[in-house]
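Each residue of the sequence shown is one higher than the last, beginning at 0 in numbering that gives the first Met the number 0. To keep things clear, I will list the structure first and then write my remarks on it.
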Amino acid sequence: MNQIVKWKYFPHFLLVLLTAAVYSNSMNFPLLEGWDDHIYISCNTERLSFSAGNMIYWLTHSCEWCYLPLTMYSYMFDYAIWGLNGIGYHLQNVFWHILAVLAVFGLMKHFGLNPWLAFALSLVFSIHPQRVESVVWISERKDVMCAAFYLWSVFFWVSGKSKRISFILFIAAMLSKSMAISLPFVLAACEFYGDGKFNPKAWLKKLWPFFLVSLIFIPVTIFSQDINRGGIIFLRQSYVLIHNIAWYVQTCFFPGRLSPLYPKVILSYWEITQILLTYAIIIAIGIHLYMRSREFFMNKMIPLSCCFLVSIGPVAGFLPLGAIDYADRYSYIPSVFLWIAFGALLTQSLNNINAVTEKKKSSRSYLMILMIAGFSYVILLAGINWIYSNVWKSYYSVLSAACMNNPPSYIALGARGDLELSLGNYSEAISTADMILTRQKGWETEEGYRKIVLKAKYTKAFASYNLGNKKEALKIFEEIKPDLDVNLFGSAEGYSRLIKMMIDCCYSIGDKGKAEKLKSEMKK
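Set out below in structure tokens:
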């Protein structure tokens with residue numbers, strides 16, 4: 000009996016061991032100052048000490064445009080034990096990720112996958128390079144916490160073990176990250192799985208407490224999120240939505256060049272070709288499955304596809320969140336349903352092969368090929384994960400990787416320019432500014448693009464000044480000065496520093512009259 004129990008939980012133990020081993024590479028990484036870790040932790044220590052006041056504070060306040068009291072409580076726990084030592088924060092991130100992976104394993108078995116196929120796909124999900132951002136970046140604790148509660152909530156619901164525990168876990172997920180708002184719709188889609196009975200009234204009767212909580216959290220989510228309401232242009236955001244769904248499907252199975260910060264979606268022939276090809280493949284697979292087995296397509300593929308679309312919905316891109324269109328971290332929960340669908344499809348395909356193949360040796364050959372391909376794929380993912388994890392070891396390496404996109408993100412370039420200035424790398428700062436100034440304008444608003452260009456020119460002028468090229472610096476300062484004001488710098492001190500540099504440049508080139516004029520302007 001004990002041997003049976005041990006064998007039953009051996010895959011769980013193996014998942015924990017392999018996941019911990021893959022992410023052990025990042026355990027000694029420090030907090031990423033400048034990449035949100037300072038906002039959540041190092042510059043927020045006053046609110047991270049355990050006290051009744053701080054507990055209440057996080058129940059009534061958001062952090063970085065997100066309402067996530069449970070996530071902030073987890074940082075309070077880390078801070079109480081580890082202070083600002085990054086190892087404890089990384090340990091807890093990996094802990095929550097492992098819990099999520101175990102939930103994925105349970106879900107895959109519940110949805111009818113062979114235990115070892117479920118194990119293999121759970122491992123793929125666990126070590127997939129797109130998970131790096133959520134697991135290794137301490138500020139994305141909200142991803143792994145929310146996912147753990149979210150996925151276990153789905154498991155307890157679909158397995159019938161406890162609807163009450165499922166509901167409690169849903170609330171915990173909502174208090175970790177508001178992306179969990181999609182969970183009631185996912186549960187409704189799961190109700191359709193298998194039997195194919197479309198009964199919205201029955202679903203609503205069972206799921207009304209979940210929908211009620213989602214309804215309550217909608218205003219909280221809207222007011223706490225950084226939704227760029229002024230940046231919603233229907234045609235653009237519709238294209239972003241179509242692009243993003245295709246991109247998330249592509250990168251789930253074929254992760255390409257990963258980045259901490261992707262550029263805004265652009266309209267190009269290459270992008271459109273990729274999108275059309277992806278949707279053509281999806282439609283072709285759908286038609287093939289429907290022709291082969293209408294029951295399998297309607298009762299399994301459609302519900303799982305709905306789970307994916309519903310879970311990606313809040314971050315699919317139609318509502319612009321902050322200054323980004325898509326990110327690896329947004330794929331954490333939705334990708335689970337893609338892998339379950341892939342597992343169901345693989346199982347169906349093997350069953351069809353067995354049905355038409357008379358010789359067992361032939362069937363075993365197919366299985367052997369799949370095992371070799373699967374093992375190679377896992378090794379490839381683990382290698383990419385290990386390499387990409389190193390990108391997250393410092394703020395400088397994160398920005399360097401983000402600037403390697405073609406075209407690079409304006410945000411990444413701007414932050415890289417600021418960092419180079421602070422480090423005294425003035426030549427590199429000029430090169431970064433030139434990359435911004437020579438990049439073709441995308442779909443940014445005119446006002447947004449104007450600010451981007453102004454900042455790049457200021458960076459170039461500031462760096463030129465510090466390199467002693469004061470004539471060039473003054474030329475750029477004079478060009479941008481009419482468009483600059485105190486508000487753009489965020490303080491009078493920044494604007495005053497600009498005028499002082501211009502005065503020094505004037506004296507250096509012998510233009511005392513202009514210098515005196517700037518002095519009098521400064522006194523005003």
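From the three backbone atoms N, C-alpha and C, an ideal C-beta is built for every residue, glycine too.
query	result
Tell me the rounded alpha-carbon separation between L186 and L206.	8 Å
What are the boundary residues of the alpha helix (DSSP H) that includes R256?	Taken as a continuous stretch (DSSP letters only), R256 belongs to no alpha helix (DSSP H), as it is neither H nor E.
Could you please give me the residues that DSSP links to C42 through a beta bridge?	DSSP lists no partner for C42.
Helix, strand or coil for C402 per DSSP?	coil
By Cβ distance below 7 Å, which residues in the same chain neighbour A171 in space, the five residues on each side in sequence not counted?	L69, F148
How far does the alpha helix (DSSP H) with N468 in it reach, from first residue to last?	That residue, N468, is in no alpha helix (DSSP H); it is neither H nor E in DSSP.
Where does I170 fall in DSSP's three states?	helix
Using a Cβ-Cβ cutoff of less than 8 Å, which residues in the same chain neighbour T346 once the five nearest sequence positions on both sides are dropped?	G111, L112, N113, L116
Would V130 and D324 qualify as a contact pair, given that the criterion is a beta-carbon distance under 9 Å?	Note on identity: in this sequence residue 130 is Arg, with Val being the wrong assignment. Contact flag unset, no.
Is it true that the stretch 328-337 meets the stretch 140-155, where meeting means three or more beta-carbon pairs spaced less than 8 Å apart?	yes
For I386, which of helix, strand or coil comes out of DSSP?	helix
So S161 is in the alpha helix (DSSP H); what residue range does that whole segment cover?	That residue, S161, is in no alpha helix (DSSP H); it is neither H nor E in DSSP.
Which class does I508 belong to by DSSP, given the choice of helix, strand or coil?	coil
Rounded to the nearest angstrom, what separates Y261 and G512 at their Cα positions?	47 Å
With a threshold of 6 Å on Cβ separation, who are the neighbours of N243 within its own chain once the five nearest residues in sequence on each side are excluded?	A315, G316, Y325
Are any of the Cβ atoms in chain B nearer than 9 Å to that of Q273?	This model lacks chain B altogether; it includes just one protein chain.
Which first and last residues belong to the alpha helix (DSSP H) in which I410 is found?	409-422
Tell me, please, which residues DSSP counts as bridged to C65.	C62
Between Y8 and Y425, what straight-line distance do the alpha-carbon atoms span, to the nearest angstrom?	57 Å
Who are the Cβ neighbours of C402 in its own chain at under 8 Å, not counting the five residues just before and after it?	S408, A411, L412, R415, T431, M434
Using CA atoms only, rank isn't needed, just tell me which of F155, H89, E63 is closest to G105.	F155
For K108, collect the residues of the same chain with a Cβ closer than 7 Å to its Cβ; drop the 5 residues on either side in sequence, then sort them by chain order.	P114, A117
Thinking C-alpha only, which one of V452, E427, S421 is nearest I436?	The sequence given here has Leu at residue 436, not Ile. Of the listed residues, the one whose Cα sits closest to L436 is V452.
In three-state DSSP terms, what is R228?	Residue placement at R228 is poorly supported in this model, since its pLDDT is 49, which falls under 50; the coordinates still yield a value, given next. Three-state result, R228: helix.
What separation, rounded to the nearest whole angstrom, lies between the Cα atoms of H96 and K480?	49 Å
Would you mind sorting H127 into buried or exposed? The rule is 16 or more other CB atoms within 10 Å of its CB.	buried
Can you list, in chain order, the residues of its chain with a C-beta nearer than 6 Å to that of G447? Leave out the 5 residues immediately preceding and following it.	none
Give the straight-line distance between the Cα atoms of K456 and V264, rounded to the nearest whole angstrom.	24 Å
Would you call the stretch 17-29 and the stretch 387-402 touching, i.e. three or more CB-CB distances under 8 Å?	yes
Exposed or buried, which one is R256 when buried takes at least 16 other CB atoms within 10 Å?	exposed
Is the stretch 69-80 touching the stretch 297-315, taking contact as three or more C-beta pairs under 8 Å?	no
Out of S267, F209, E520, E419, point me to the one whose CA is closest to K440's CA.	S267
Taking just the CA atoms, how far does V157 sit from C189?	7 Å
Report buried or exposed for S258, applying the criterion of at least 16 other Cβ atoms within 10 angstroms of its Cβ.	buried
Grab the span of the alpha helix (DSSP H) containing Q439 for me, first residue to last.	It is not in any alpha helix (DSSP H) - Q439 carries neither H nor E in the DSSP assignment.
Measure the beta-carbon distance from V248 to T272 and round it to whole angstroms, keeping in mind my assumption that it falls under 8 Å.	Not a contact, Cβ separation roughly 16 Å.
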